[in-house]
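If you want our numbering, it's the 1-based position in the sequence shown plus 231.
In this text, a Cβ means the ideal position worked out from N, Cα and C, and glycines have one as well.
Since we're looking at a predicted model, the values are computed, not measured.
Taking it in order: structure first as structure tokens, then the write-up.
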Amino acid sequence: CGRAIDGARLWEKGAKVIGLEPSQVMIARAKEYLSENNARVALARGIGENLPFKPHSFDKVMSKGALDHFFSPSQTMEEIARVLKPGGEMVISIANFDSLGFRLGKKLYPITKFLAPSLAKERKPWELPPDHKYKFDYPFLSSLVKQHFEIKNTKGISLLFGLPLWGSFLSRLPHSISYALLKTLDKLARPFPSLADVILMKCTPIYKPN
């Protein structure tokens, strides 16, 4: 849960929230944030591969931009299915490393490197960051989820992140225009999760009788 910022927002909307975090440092920061914002979110220390909760404990489990950091995403899926109530829902979002922006970025990189040589020294957006264990795309996430879940809804979020000099281009535009452009691209991304920058899935666990 990191600093529990999302947890606090969910609590403000009436949810009872438990944030899971492996780092004691981040739990301390989460406590500070929750105290400063008068938000009531319970915190637990643990990892996704071994959730410290009883079976069928939760109505929903949310994983936002975290699964590619885990040592075993498949084991995490099994654990999430275990702790969800029958008919419960998993909401998961993850960066798509096969997005349209990354694809275009790779193809245009020789040109942009010529125009902006400083880019050659930087890590490319489509390269796996050092703190990531896995590189996700739409087929990989779908196959992983389907082992224990039925996919109810899939959407794309954002479009063209990773395009060379994209941020520089947007920063030169008036704020109202750049915001309108990003909002339009976000709408276009919704029905095309395989091309979007972020994949959002809502799933329910598959019932497996004993």
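From residue i to residue j, what distance separates their C-alpha atoms?
i, j, result
"phenylalanine 333", "serine 324", "17 Å"
"leucine 419", "valine 256", "39 Å"
"leucine 274", "alanine 427", "32 Å"
"lysine 352", "aspartate 417", "30 Å"
"lysine 414", "arginine 421", "11 Å"
"arginine 240", "serine 294", "15 Å"
"leucine 394", "serine 349", "16 Å"
Identify every residue that forms a DSSP beta bridge with residue i.
i, result
"glycine 276", "It is arginine, not glycine, that sits at residue 276 in the sequence shown. DSSP output for arginine 276 lists Glu252 as bridge partner(s)."
"cysteine 434", "Met321, Ile382"
Could you give the first and the last residue of the continuous alpha helix (DSSP H) run that contains residue i?
i, result
"aspartate 291", "Inspection of the sequence shows that residue 291 is occupied by lysine rather than by aspartate. No alpha helix (DSSP H) contains lysine 291, which is instead part of the beta strand (DSSP E) from 289 to 295."
"serine 305", "304 to 314"
"alanine 235", "Unbroken run through alanine 235: none, as it is neither H nor E."
Would DSSP call residue i helix, strand or coil?
i, result
"leucine 390", "coil"
"leucine 412", "helix"
"leucine 372", "helix"
"alanine 261", "helix"
"alanine 347", "coil"
"alanine 246", "coil"
"alanine 326", "strand"
Going by other Cβ atoms of all chains shown within 10 Å of its Cβ, with 16 needed for buried, is residue i buried or exposed?
i, result
"glutamate 310", "buried"
"proline 370", "exposed"
"histidine 379", "buried"
"phenylalanine 302", "exposed"
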